[in-house]
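Here the structure comes first, spelled out in structure tokens, and everything after it is commentary.
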Amino acid sequence: MPRMLPLVPSLPDSASGYGLLARYDGPGVLLHACEQVRDAGYRRWDAHTPYPVHGLDRAMGLSSSVLPWIVLVCGLGGAAAAFGLQTWVHERAYPLVISGKPFFAWPAFVPVTFEVGVLFGALAAVFGMLGLNRLPMHHHPLFRSDAFGRASDDGFFISIESWDPKFDLGRTAALLERSGAASVERIES
Amino acid sequence: MSPKPHEMGHDPAAVDPALVSIPHDHPWARLPYVFAACGAVGVLASLGLVWGSVVEPAQFFFSWLTSFLYFLSLALGGMFFVLVSYVTRASWSVVVRRLAESAMATIPLFLVLFVPLVFGMHALFHWTDADAVAHDHLLQAKQPYLNTTFFVVRALVYFACWIGIATWFLRQSRLQDHGDASGRITDRMVKVSAPALVAFSVTVSFAAIDWIMTLDAHWYSTIFGVYFFAGSTVGIFALLILLAAAMGRAGLLGGTVTVEHFHDLGKMLFAFTVFWAYIGFSQYFLIWYGNIPEETVWYVHRTEGSWAAVTATLAWGHFAVPFLFLMPRTVKRRTGLLAVGAVWMLLMHLVDLYWLIMPVLHSHDAHLSVVDVTSLVGIGGLFLGAVLFVLRRQPVVPVRDPRLAESLSFENV
Amino acid sequence: MSTIQEHARPAFALEPPLILGGHDFHSITEAVARPLETKPGRGWYACLGISVLLLSLLGIQTAWLFWEGIGIWGLNNPVGWGWAIVNFVFWVGIGHAGTLISAILFLFRQKWRTSINRSAEAMTLFAVACALVFPGIHVGRVWVAYWMFPVPNQMSMWPNFRSPLLWDVFAVSIYGTVSLLFWYVGLIPDLATIRDRCGATLRGKIYGALALGWRSSHRHWQHYERAYLLLAALATPLVLSVHSIVSMDFAVSQLPGWHTTIFPPYFVAGAIFSGFAMVLTLMVICRTVFGLENIITIRHFDNMAKIILLTGTMVGYAYGMEFFIAWYSGNPYEQFAFVNRAFGPYAWAYWTMITCNVISPQIFWIKKARTSVLVLFVLSIFVNVGMWFERFVIVASSLHRDFLPSSWDYYTPTMWDVAAFAGSFGLFFTLFCLFVRFLPIVAAAEVKGVLPQADPHYDETPRLERSGEPVGGGTH
């Protein structure tokens, strides 16, 4: 798994600018191109599609997301905290005999425990995902490209950053063109 | 929900049935007889034990009822799986549907196995005791429903309905194997599956009420039918996983059932385990909270003496542990691990039924009897023998199902 | 000897398209973005106007309520709960369909959900907002409503965690929060789409800020899809638990007609029933007004009608089981509760409920009914009327005549009860009108993902086997 992209793309200025952006006509040709880029050993690159393309994880050589574990831990933690709070409130802080039941009325603690567990899990899922994706990141060199506007519409792209050890303006561009790109563009920093 | 099969642009050129049938010389072809023999031994042993006065008649009938309902719940679970597969036009389940159909096909056997229970009505249900009724105004009030004639009539209605549905769906499915590739048969089955499900839900609910809830005729719960249903869904998915795993290992499925299908079966087992816990907890919680003695007495019986340990086993073993075990993706995608989970759930489902039924007989302490084991072996052997016998008679995968092609290529997210 | 896997075929090669009219990726973007980029017609202004009027009615009612107190409502002894709780359960129930469409249909891999899930989720949020109004305003001393939350204070006071009313506070507010998160996460890619069409305008900046800098990166999509799946997996038990907890407001009591174990799943089924009906009502209007008939198709409506039929039948099952067990129990109070419902002073409400909930949805057994927009629209209104009456029957008929005949009375709503209810529709439709004006009402990215050409292997599949060109005949 390549190292995470930095919070802001402020790596030292590269003479080659930010990198290269190649546009493809459809998901099929993009998938094959990704396999070629992956096999060529590039690490600092990405694909851009208007919807998640099935099979692209493997084609890019990505390892699976760690998000489920974050959600599990936070969810169980939240549930435990809620159960603990209720137990403490009803056994220690302000014990009251309510409808003749014992102070530690665990069945009655289940609803809130469950709900709070789900809440913490959901918060973990959303903020974990945003954190793993380093979002929000409103500025990025790729937005300078006019063609890139199609990435959220109907365009399929591969971008390779110039900081990749294997990056060479000429050879990388040639690889992208060989892989079936409709157009290859250089992006400034 | 997918469109009609005859609208699809693919001619389901049949998979070669030879690839997905049990060959006549295969060890599995002999298995039905092995199981049936075990079953016969178990049944005879059980009968022998009660005739020889080694066990009380009441114990015999309660043990028989438990084993009967356990395996019947698997057969009914199979029916549910088949009906829901059709009504939702699911494609992933096509490769395992025959296994569920085979479980469903055993229901006529249960009509026969029900006969001892008719003889045992007086031992099982105290509302059949005229003396008890005469002194109990509640039982008198329930007499229009709780009388032996109506009870038997209702049982016959349930079986007629189930056998009708099972036979029809089995016949249509077999017909499909032999030639009609247009998908019209599937269309018909989809149309019938919806009203069949309505009939299923009503008959299964009332069967559970009649055969389990009225054991303790002063108690009642509106969710009881749903609870029994929930247990049977857990049972069928566990059974399907085990059958598919065993047959896959024996090379009988021709590679049709892949890790993707096991993943989905595992998801369903997980989901219905949680569903069972939700229904079970709803029932317990509302009765606990309302604290009305008329209702709580049922749970009090199940927390006396060693029954408390059984209740705890259910809570932890039927829910908490499998919830954590079946959650990870890796477990669901490793057939060996998943099969372990399936065996565990089948065991827990048995504990569940035992916990529902036996406290009526042994009110202060759980008390295992030898006839519990023999009736389990007896009815179970006959059930498994019947399932495998049905499986032997046709391809184990519906070779001409219009959705088979899609099912074969199925990939999980 | 052929192998099995030769017979495998991918789904897109076997199904006729979900989205009609020969849409491709770009035309989906256009169709979904158009309502946001064109000036709204007079119809929208009319809707908004009426909604805002009703919303102000809610505001007036609430102000008067805070000033005068709960006495302005028609509550009495023994009917201490009236329209407010009925409206609360009504709105929460409606909200559940949105989560079902988003989360549960996603887990069941039902691709047809992609045309309606955005609007359904929005509907959930607005319905939950309407629902939360009622517990919010009914407490009497609204200025100490924060006591409901477990905040340490100088009185050593804590909320009663063992009360179902407090579980409601947690359940519904957490449901609202999670639904909001789920909806927003789903919106991010579409907000990016709108942003990219806006250019350097103020609109572009606002959408851009909300889109969080989404750049359609597949590394992001990977985590995004995982998050979406996890949220769906969390939202599913959440939606089941929320309405179960709402049902426990009633079921944990000892009141005949309330205290019955089937309430949790019965309420959940009823919630989905009414929620789908409301989604249907809204979608029938939206697809025509915004020209989205090829994206929200008759097939989508057919499926929704089937779910309405299914959940309506479940509700009918619960009615039947309650009735049977009430008789079976031999408990005279239980039996009276049901006889009173059908033949007592509230019989008019009971039979309205039965007609709307049990009898009228049976028309959906007929395919023609499921695919007729008029029948769908009318039925969806009937169902919602029926479900409101169901909650009313449960609350009023059980409370007004319980154990002690000398305490029996009758509940009549006052004009302020009615104003609050009507006003809540104002809140709902105001929010919905704003939603359709400013946000994409179809999940464009998800719809693109279910087009047949979205599959990377589409180009490699022989043309004859692709969708839309059935081999061997057949009609849609």
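Residue numbers (our numbering), protein chains in the order written: chain A, 1 to 189; chain B, 190 to 602; chain C, 603 to 1078. Cβ atoms here follow ideal geometry from the backbone N, Cα and C, with glycine treated the same way.
Short of 7 Å in beta carbon distance, which residues of its chain neighbour residue i, apart from the five on each side in sequence? Order them along the chain.
i	result
arginine 1039(C)	Pro642, Trp646
glutamate 35(A)	Ala59
methionine 190(B)	Because the pLDDT of methionine 190(B) is 47, which lies under 50, any placement of that residue in the model is unreliable, and the question is left without a value.
histidine 199(B)	Because histidine 199(B) carries a pLDDT of 44, less than 50, the predicted location of this residue cannot be relied on, and no value is offered for it.
glutamine 361(B)	Ile374, Arg377, Met378
glutamate 1071(C)	At glutamate 1071(C) the pLDDT is 39, less than 50, meaning the model places this residue with poor confidence; the figure from the coordinates comes in the next sentence. Cβ within range, chain order: n/a, list empty.
valine 184(A)	Leu20, Ala22, Ala173, Leu176, Glu177
histidine 195(B)	Here the model assigns histidine 195(B) a pLDDT of 42, short of 50, so the residue's position is not dependable and the matter cannot be decided.
histidine 820(C)	none
Identify every residue that forms a DSSP beta bridge with residue i.
i	result
arginine 186(A)	Leu20(A)
histidine 48(A)	Phe157(A), Ser819(C)
For my contact list, residue i and residue j are in at a C-beta cut-off of 8 Å; report their separation, rounded to the angstrom.
i	j	result
alanine 729(C)	isoleucine 706(C)	The Cβ separation is near 17 Å, so there is no contact.
phenylalanine 250(B)	leucine 306(B)	7 Å
tryptophan 675(C)	threonine 1014(C)	Rounded, the Cβ-Cβ distance is 10 Å, inconsistent with contact.
threonine 883(C)	phenylalanine 994(C)	Not really, about 20 Å apart at Cβ, beyond 8 Å.
isoleucine 928(C)	alanine 939(C)	Note on identity: in this sequence residue 928(C) is alanine, with isoleucine being the wrong assignment. Indeed they touch by this definition, with Cβ atoms about 7 Å apart.
glycine 788(C)	arginine 720(C)	7 Å
tryptophan 693(C)	alanine 648(C)	24 Å between Cβ atoms; not a contact.
Excluding the 5 residues flanking residue i on each side, which residues of the same chain have their C-beta closer than 6 Å to its C-beta?
i	result
methionine 537(B)	Gly506, His507
proline 637(C)	Phe892
methionine 436(B)	Leu442
methionine 4(A)	For methionine 4(A), the predicted model reports a pLDDT of 48, less than 50, meaning its position is unreliable; a value from the coordinates is still stated below. Closer than 6 Å at the Cβ level, and outside the excluded window around methionine 4(A), lies no residue.
phenylalanine 903(C)	Leu978
phenylalanine 878(C)	Ala699, Met906, Ile909, Ile910
For residue i, which residues in the same chain have their Cβ closer than 8 Å to its Cβ, ignoring the five residues on either side in sequence?
i	result
leucine 659(C)	Ala1021, Ala1024, Gly1025, Gly1028
glycine 682(C)	Leu1001
leucine 7(A)	The pLDDT assigned to leucine 7(A) is 46, lower than 50, so where the model puts this residue is not dependable; a value taken from the coordinates is nonetheless given after this. For leucine 7(A), where only same-chain residues beyond five positions count, the Cβ hits under 8 Å are Arg134, Met137.
aspartate 318(B)	His311
alanine 853(C)	Trp860, His861, Thr862, Thr863, Phe865, Pro866
isoleucine 352(B)	Ile296, Pro297, Leu300
glycine 918(C)	Asn959, Val960
alanine 218(B)	Ile211, Pro212, Arg581
Judging by CA-CA distance, which residue of the options is the nearest neighbour of residue i?
i	options	result
leucine 258(B)	Gly574(B), Ala397(B), Val579(B)	Ala397(B)
arginine 743(C)	Ile968(C), Trp669(C), Ile796(C)	Trp669(C)
isoleucine 909(C)	Phe875(C), Arg817(C), Cys800(C)	Phe875(C)
isoleucine 476(B)	Arg58(A), Lys101(A), Met129(A), Thr113(A)	Lys101(A)
valine 209(B)	Gly440(B), Phe464(B), Glu595(B)	Gly440(B)
arginine 144(A)	Ala15(A), Gly131(A), Leu21(A)	Leu21(A)
valine 1044(C)	Ala722(C), Glu1062(C), Ser962(C), His609(C)	Ala722(C)
glutamine 964(C)	Pro384(B), Leu428(B), His450(B)	Pro384(B)
glycine 131(A)	Asn959(C), Gly673(C), His822(C), Ala731(C)	His822(C)
alanine 355(B)	Gly414(B), Phe314(B), Met293(B), Val387(B)	Met293(B)
valine 284(B)	Ala218(B), Leu359(B), Pro511(B), Ala433(B)	Ala433(B)
aspartate 590(B)	Trp281(B), Leu313(B), Gly241(B)	Trp281(B)
glycine 336(B)	Asp366(B), Trp400(B), Ser382(B), Ser291(B)	Before going on, a small fix: residue 336(B) reads as asparagine here, not glycine. For asparagine 336(B), the nearest C-alpha among the options comes from Trp400(B).
alanine 794(C)	Ile808(C), Leu783(C), Leu782(C)	Ile808(C)
leucine 96(A)	Phe692(C), Gly671(C), Pro761(C)	Pro761(C)
proline 858(C)	Phe692(C), Leu1006(C), Asp1011(C)	Leu1006(C)
asparagine 678(C)	Cys1035(C), Asp1061(C), Trp1010(C), Phe1034(C)	Trp1010(C)
leucine 454(B)	Ser471(B), Ala498(B), Ile468(B), Leu515(B)	Leu515(B)
valine 735(C)	Trp749(C), Met757(C), Leu657(C)	Leu657(C)
leucine 727(C)	Ala1047(C), Leu767(C), Thr1032(C), Ile796(C)	Thr1032(C)
Is the shortest distance between the beta-carbon of residue i and the beta-carbons of chain F less than 7 Å?
i	result
threonine 954(C)	Of the protein chains in this structure, namely A, B and C, none is chain F.
| query | Counting Cβ pairs, one atom from each stretch, are 3 or more of them under 8 Å apart for the segment 291–304 of chain B and the segment 255–265 of chain B? | reply | yes
| request: Take every Cβ of the segment 228–242 of chain B, pair it with every Cβ of the segment 445–464 of chain B, and state whether three or more of those distances are shorter than 8 Å. | output: no
| query | Given 8 Å as the limit, is there contact between the segment 764–784 of chain C and the segment 795–806 of chain C, that is, 3 or more CB pairs closer than that? | reply | no
| Counting pairs of Cβ atoms below 8 Å between the segment 1053–1061 of chain C and the segment 612–626 of chain C, do you hit three or more? | yes
| query | Should the segment 572–583 of chain B be regarded as contacting the segment 542–556 of chain B, the criterion being three or more beta carbon pairs within less than 8 Å? | reply | no
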